[in-house]
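Reviewing the structure listed below.
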Amino acid sequence: MPTTARVFQSRFAFRGLSIDAPPRRYLVLVCNICLVFLFATTSLAQQPLGVEPNATQIGEPELSRSIALGASLERERKWNEAIRHYEKASRDYPDSRQIYQRLVICRLHYDVNRRYGDKSFVASAHTMSSSQALDLYSEVLANLETHYVESIDWSRVLLHGTAAFEIALAENRFVNDALPGKDLGILHDFQQNIHRRISDRPSGSRFDLRATVAHVAEIARQEIGLNPTATVLEYVGGAICTLDPYTRLLSGDQLDDMFSNIEGNFVGLGVELETNSDSLKILSVIPGGPAAESGLKPGERIVRVEHADTRQSNPEIAADLLRGLENTFVSISIESPQGEIRDLRIARRRVEVPCVENVHLVDPTSRIGYLRLTNFQKTTTRDVERALWDLHRQGMRALVLDVRGNPGGLLSAAVEVADRFLSNGRIVTTRGRNTRENFDYVAHRANTWDVPLAVLIDGDSASASEIFAGAISDSNRGILIGQRSYGKGSVQGIFRMQSAKFGLCLTTAKFYSPNGTAISQNGVAPDYSVDSPYIAARPDSDGHVTLDAEDVVLQEAVQKLAANNQLISRRTP
Numbered sequence: 001m002p003t004t005a006r007v008f009q010s011r012f013a014f015r016g017l018s019i020d021a022p023p024r025r026y027l028v029l030v031c032n033i034c035l036v037f038l039f040a041t042t043s044l045a046q047q048p049l050g051v052e053p054n055a056t057q058i059g060e061p062e063l064s065r066s067i068a069l070g071a072s073l074e075r076e077r078k079w080n081e082a083i084r085h086y087e088k089a090s091r092d093y094p095d096s097r098q099i100y101q102r103l104v105i106c107r108l109h110y111d112v113n114r115r116y117g118d119k120s121f122v123a124s125a126h127t128m129s130s131s132q133a134l135d136l137y138s139e140v141l142a143n144l145e146t147h148y149v150e151s152i153d154w155s156r157v158l159l160h161g162t163a164a165f166e167i168a169l170a171e172n173r174f175v176n177d178a179l180p181g182k183d184l185g186i187l188h189d190f191q192q193n194i195h196r197r198i199s200d201r202p203s204g205s206r207f208d209l210r211a212t213v214a215h216v217a218e219i220a221r222q223e224i225g226l227n228p229t230a231t232v233l234e235y236v237g238g239a240i241c242t243l244d245p246y247t248r249l250l251s252g253d254q255l256d257d258m259f260s261n262i263e264g265n266f267v268g269l270g271v272e273l274e275t276n277s278d279s280l281k282i283l284s285v286i287p288g289g290p291a292a293e294s295g296l297k298p299g300e301r302i303v304r305v306e307h308a309d310t311r312q313s314n315p316e317i318a319a320d321l322l323r324g325l326e327n328t329f330v331s332i333s334i335e336s337p338q339g340e341i342r343d344l345r346i347a348r349r350r351v352e353v354p355c356v357e358n359v360h361l362v363d364p365t366s367r368i369g370y371l372r373l374t375n376f377q378k379t380t381t382r383d384v385e386r387a388l389w390d391l392h393r394q395g396m397r398a399l400v401l402d403v404r405g406n407p408g409g410l411l412s413a414a415v416e417v418a419d420r421f422l423s424n425g426r427i428v429t430t431r432g433r434n435t436r437e438n439f440d441y442v443a444h445r446a447n448t449w450d451v452p453l454a455v456l457i458d459g460d461s462a463s464a465s466e467i468f469a470g471a472i473s474d475s476n477r478g479i480l481i482g483q484r485s486y487g488k489g490s491v492q493g494i495f496r497m498q499s500a501k502f503g504l505c506l507t508t509a510k511f512y513s514p515n516g517t518a519i520s521q522n523g524v525a526p527d528y529s530v531d532s533p534y535i536a537a538r539p540d541s542d543g544h545v546t547l548d549a550e551d552v553v554l555q556e557a558v559q560k561l562a563a564n565n566q567l568i569s570r571r572t573p
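Numbering (our numbering), first residue to last: 1 to 573.
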């Protein structure tokens with residue numbers, strides 16, 4: 001067994017990535033609550049996976065209706081929509097074990113479909129030997145043991161891996177790839193007996209788990225003709241995806257995409273997408289990218305990518321097909337808001353992702369500057385500094401910094417941006433089970449901007465955005481305006497696996513604001529709460545940004561800063 005090496009590239013506090021991929025909205029909805037199982041004594045897979053939840057056992061009428069609606073989505077195999085529904089229901093009924101179980105089961109169904117819709121994962125599954133797959137499983141378990149934020153219960157890890165394997169055997173996408181033409185009755189009988197056949201095996205250590213998974217893989221090979229690699233990879237996926245919403249296995253392509261986004265560039269078309277039930281809605285088009293040059297516009301929908309029609313299959317599978325090598329072509333069909341369809345063939349190119357947008361004086365009279373920060377990546381500190389100097393040359397006397405809709409990104413970038421506005425004191429504290437994850441980040445006096453500051457936040461401001469907003473708030477450096485932030489208070493590390501071309505996005509720590517407030521579940525509260533249907537403006541294909549005239553959050557910030565400027569002017573001799 002090879003020695004597990006840690007290649008820890010960067011620390012992240014992020015909710016998701018959204019460029020040419022399922023958007024951050026998907027991750028918002030899927031990742032609102034932690035999926036750590038609370039019921040270790042009963043296997044998820046021992047529940048009748050194909051049977052809808054029994055709503056008649058639920059006492060509250062509203063809860064019964066919620067269970068019934070979720071069951072309907074499950075029958076239609078709309079796993080993404082079912083996840084969204086159960087997440088909302090779990091917030092409304094946090095003590096409902098049945099909703100919690102259904103949420104987790106839907107997540108397992110969704111994950112196996114995602115894996116087998118990923119070309120690089122499928123290629124790995126077809127080419128890896130069983131010993132390589134087992135080495136990958138061992139490496140993942142070793143990283144969990146050393147770096148995961150909480151102690152690992154190995155019996156639960158095995159339980160969840162078995163549940164994932166059982167669910168895979170009921171999913172057409174897995175069966176069609178790994179067991180084409182196999183009698184479904186034989187698969188069903190095998191599926192129903194897996195848990196019983198391993199119930200007496202030891203599960204006290206990660207070494208026990210490797211031995212048990214190798215045993216299951218051999219049984220599956222003998223009895224149903226399944227490649228042992230496919231079995232092991234489902235145990236890998238089940239071990240990871242049930243720990244928490246942010247810990248996940250990354251295929252080779254996903255790992256490359258992750259680091260491309262961190263660098264601030266990627267190969268693709270240059271669009272930000274929102275995944276709907278039957279299409280991919282274009283939220284924004286990056287100026288100068290292939291999509292912009294081909295005339296794609298925000299508000300249009302991608303309804304076909306190559307052979308995948310989003311109206312007849314999972315749109316997120318189609319989204320994966322947008323990825324590809326630089327200078328290769330992809331065929332897509334676009335539907336306009338008026339329902340007109342046009343077909344395009346677009347070359348994939350490297351696209352620079354802007355993280356600072358719409359830099360201008362929002363109130364020239366009071367000289368109030370504005371900039372919108374869309375994410376925290378390697379170029380963020382540099383780009384923010386450039387924007388601040390640009391506003392300074394225009395005579396800026398106060399600043400509105402907008403992180404609404406910002407899903408997060410690099411922890412270091414959030415710290416560096418906060419440091420531009422704080423001259424001293426703590427910015428954020430991280431704490432993990434491994435003491436090497438414990439850090440206290442503090443501000444430095446050099447290069448500090450002391451202009452009056454208002455930070456705009458909303459329910460989609462997450463992770464690194466919350467680090468920045470929490471530091472500004474706790475230090476009384478500026479005012480926060482808008483809505484309570486998302487409440488995602490954990491840090492992830494990206495580990496490159498040595499045994500195969502996979503990555504592990506692993507939750508390693510939780511973070512706390514300067515006052516010691518935990519961000520998880522709580523979020524950051526605004527000083528001035530303002531509800532608004534406003535959606536942060538994004539540039540169109542020409543690079544122009546149309547501001548919402550009814551952006552009452554921005555209006556409130558301008559009024560507060562303008563009043564502050566007038567007060568300062570009256571006090572200045």
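Where is the CB? At the ideal position from N, CA and C, for every residue including glycine.
- Using a C-beta cut-off of 8 Å, the region 91 to 100 makes contact with the region 63 to 78, since at least three inter-stretch Cβ pairs fall below that distance.
- Counting of Cβ neighbours within 10 angstroms places residue 341 among the exposed residues, the total staying below 16.
- In this structure residue 398 is in contact with residue 451, their Cβ atoms being roughly 6 Å apart against a cut-off of 8 Å.
- In the three-state reduction of the DSSP assignment, residue 529 falls in the strand class.
- Ranked by how close their Cα comes to the Cα of residue 155, the residues 201, 448 and 502 have 201 in first place.
- Contact between the region 477 to 489 and the region 426 to 439 is absent, with fewer than three C-beta pairs closer than 8 Å.
- Around the beta carbon of residue 345, a 10 Å sphere encloses fewer than 16 other beta carbons of the protein chains shown; the residue is thus reported as exposed.
- If you ignore the 5 residues before and after residue 462, its C-beta comes within less than 6 Å of the C-beta of 15, 407, 408, 486 and 488, all in its own chain and listed in chain order.
- The beta carbon of residue 111 sits closer than 7 Å to those of 237 and 241, all from its chain and outside the five residues before and after it, given in chain order.
- Of the residues 370, 417 and 359, the one whose Cα lies closest to the Cα of residue 380 is 417.
- Here the C-alpha atom of residue 553 lies approximately 26 Å from the C-alpha atom of residue 297.
- In this model, residue 491 and residue 75 are separated by some 35 Å (Cα to Cα).
- Of the other Cβ atoms in all chains shown, fewer than 16 fall within 10 Å of the Cβ of residue 185; this residue is therefore exposed.
- Beta-bridge pairing by DSSP links residue 370 to 360 and 400.
- Taking the Cα positions, residue 426 is about 18 Å away from residue 480.
- Contact between the region 139 to 155 and the region 221 to 229 is absent: fewer than three C-beta pairs spanning the two stretches fall below 8 Å.
- The alpha carbon of residue 394 has as its nearest neighbour, out of 411, 361, 550 and 404, the alpha carbon of 361.
- Per DSSP, reduced to three states, the secondary structure at residue 197 is helical.
- In this structure the region 349 to 369 does not lie against the region 331 to 338, because fewer than three pairs of beta carbons, one per stretch, are closer than 8 Å.
- Spanning the alpha carbons of residue 389 and residue 310 requires a straight line of approximately 45 Å.
- The closest CA to that of residue 436, considering only 69, 148 and 83, is found on 148.
- Inter-residue distance for residue 199 and residue 174 is about 25 Å (C-alpha atoms, whole angstroms).
- Across the structure, residue 477 and residue 560 are spaced so that their CA atoms are roughly 14 Å apart.
- In the three-state reduction of the DSSP assignment, residue 492 falls in the strand class.
- Out of 183, 178 and 235, the CA that lies nearest to the CA of residue 195 is found in 235.
- In the assembly as shown, residue 328 is an exposed residue. Its beta-carbon has fewer than 16 other beta-carbons within 10 Å.
- Annotation: the region 211 to 249 contains no complete segment of the beta strand (DSSP E) (minimum length 3 residues).
- Residue environment analysis places residue 374 among the buried positions, since at least 16 neighbouring C-beta atoms fall within 10 angstroms of its C-beta.
- For the 9 Å CB-CB criterion, residue 261 and residue 350 do not form a contact.
- Less than 9 Å divides the Cβ of residue 420 from the Cβ of residue 384.
- Going by DSSP, residue 68 is part of the alpha helix (DSSP H) stretching over 61 to 75.
- Here residue 518 is exposed. Its C-beta has fewer than 16 other C-beta atoms within 10 Å.
- By the neighbour-count criterion, in which a residue is buried when 16 or more other Cβ atoms sit within 10 angstroms of its Cβ, residue 446 is exposed.
- Each residue's CA atom was taken as its position, placing residue 180 and residue 285 some 40 Å apart.
- The Cβ atoms of residue 118 and residue 254 sit closer than 9 Å to each other.
- Collapsing the DSSP output to three states places residue 272 in a strand.
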